[in-house]
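Worksheet: one structure, shown below.
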Amino acid sequence: MERFQDENKWLASFGNIVNIKCPKCTLQAVVKRTFESEFYYRDKKILECKNCHYSVKEGIVKYRAYVDAYCCNNEDKIKFKSQLLNEKPHKIKLKCLICNEIKEFTPYIEEVRFVLNSDTAVVREGCFNAELWYQKEFDESIFWAFNLEHINYLERYIKAELRERSNKGSSSGSLISRLPKFVKEAKNRQKLLKIIERWKK
Numbered sequence: 007m008e009r010f011q012d013e014n015k016w017l018a019s020f021g022n023i024v025n026i027k028c029p030k031c032t033l034q035a036v037v038k039r040t041f042e043s044e045f046y047y048r049d050k051k052i053l054e055c056k057n058c059h060y061s062v063k064e065g066i067v068k069y070r071a072y073v074d075a076y077c078c079n080n081e082d083k084i085k086f087k088s089q090l091l092n093e094k095p096h097k098i099k100l101k102c103l104i105c106n107e108i109k110e111f112t113p114y115i116e117e118v119r120f121v122l123n124s125d126t127a128v129v130r131e132g133c134f135n136a137e138l139w140y141q142k143e144f145d146e147s148i149f150w151a152f153n154l155e156h157i158n159y160l161e162r163y164i165k166a167e168l169r170e171r172s173n174k175g176s177s178s179g180s181l182i183s184r185l186p187k188f189v190k191e192a193k194n195r196q197k198l199l200k201i202i203e204r205w206k207k
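Using the working numbering, you'd call the opening residue of the sequence shown number 7 and step up by one each time.
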């Protein structure tokens, strides 16, 4: 009889490296901690893909500049909206269609933080909103994992016929205590293990 002892691990215990689908090339990439802080939830992350060499660090900010101003009369405004810029412009030169002169304007600047498009049909990691690499639809739910270490921990739990809770510390917030019902049910054991087997190949 296989036995599993809850180690009181939290989801964050497996969050140092998260396997994701690269938003550029769709191959496997990672979101990983920078360890600029010793505390997991205060630490910054970086998204890296070794396949297409795409890389972006959490907290990256781009800028969009707007101009909505009068030039030579009080009836016709010059309106302008820039594309995303890497640096904040202090002045923007624009041509007035009324007087045909090129003049400088002080733009309104909007800060735009990097985020990927949302898709509620898939599970995403919390920093860049990137789609997890390991996920599979399962009876109107989604079975997912951050990485192979997370998968191995889930596999040990799912295989076990005897599952024991830990008496050390608080187990009410542990990963195992918060698993969805379909993962805990014995009737789904073989189907879930087959998914895990495919993931590990």
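The C-beta atom is built at its ideal place from N, Cα and C for all residues, glycine as well.
Note that the coordinates shown come from a computational prediction; the quantities given were computed from them, not determined experimentally.
Which residue marks the beginning of the beta strand (DSSP E) containing residue i, and which one marks its end?
| i | result |
| --- | --- |
| Tyr140 | Tyr140 to Phe144 |
| Lys87 | Lys83 to Lys87 |
| Trp16 | Counting along the chain, Trp16 falls outside any beta strand (DSSP E), and DSSP gives it neither H nor E. |
| Ile104 | Looking at the DSSP string, Ile104 is not in any beta strand (DSSP E), and its letter there is neither H nor E. |
| Val189 | Element bounds for Val189: not the beta strand (DSSP E) but the alpha helix (DSSP H), Lys187 to Lys190. |
| Glu170 | Leu168 to Glu170 |
| Lys38 | Gln34 to Arg39 |
| Arg48 | Unbroken run through Arg48: none, as it is neither H nor E. |
When you compare each of the options to residue i by their alpha carbons, which one comes out closest?
| i | options | result |
| --- | --- | --- |
| Ile26 | Lys56, Lys15 and Glu8 | Lys56 |
| Asn106 | Glu116, Cys77 and Phe152 | Cys77 |
| Asp82 | Glu137, Val73, Gln89 and Ser88 | Val73 |
| Lys63 | Lys190, Val36 and Ile201 | Val36 |
| Ile115 | Asn92, Leu181 and Val129 | Asn92 |
| Val118 | Tyr69, Asn80 and Asn14 | Tyr69 |
| Cys133 | Glu161, Asp49 and Lys87 | Asp49 |
| Lys193 | Ile164, Glu203 and Phe111 | Ile164 |
| Met7 | Ala166, Leu199, Arg195 and Arg204 | Ala166 |
Can you give the beta carbon distance from residue i to residue j, rounded, assuming they're within the 8 Å contact cut?
| i | j | result |
| --- | --- | --- |
| Lys51 | Lys38 | 7 Å |
| Cys102 | Lys109 | 6 Å |
| Leu53 | Ala136 | 6 Å |
| Phe45 | Phe152 | That pair is no contact at about 18 Å. |
What does the alpha-carbon distance come out to for the pair residue i and residue j?
| i | j | result |
| --- | --- | --- |
| Tyr140 | Gln11 | 24 Å |
| Ala18 | Glu170 | 21 Å |
| Lys206 | Ala75 | 59 Å |
| Ser147 | Leu100 | 53 Å |
| Asn22 | Ile104 | 58 Å |
| Gln89 | Asn158 | 45 Å |
| Lys187 | Trp16 | 17 Å |
| Gln34 | Glu42 | 24 Å |
| Ser183 | Asn14 | 9 Å |
| Arg130 | Ile201 | 19 Å |
| Leu160 | Ser61 | 30 Å |
| Lys190 | Lys142 | 16 Å |
| Gly2 | Thr32 | The first residue shown for the chain is 7 and the last is 207, placing residue 2 beyond what the model contains. |
| Val24 | Phe86 | 40 Å |
| Leu181 | His156 | 10 Å |
Here's the rule I'm using: 16 or more other beta-carbon atoms within 10 Å means buried, otherwise exposed. How should residue i be labelled?
| i | result |
| --- | --- |
| Cys149 | This sequence places Phe at residue 149; Cys is not what is there. Result: buried. |
| Asn80 | exposed |
| Ser124 | Confidence at Ser124 is low in this model, with a pLDDT of 49, below 50, so the placement of that residue should be treated as unreliable; the coordinate-derived value is given next. So Ser124 ends up on the exposed side. |
| His59 | exposed |
| Leu138 | buried |
With respect to the alpha helix (DSSP H) encompassing residue i, which residues constitute its N-terminal and C-terminal limits?
| i | result |
| --- | --- |
| Lys56 | That residue, Lys56, is in no alpha helix (DSSP H); it is neither H nor E in DSSP. |
| Arg130 | Careful: Arg130 lies outside any alpha helix (DSSP H) and carries neither H nor E. |
| Ile201 | Arg195 to Lys206 |
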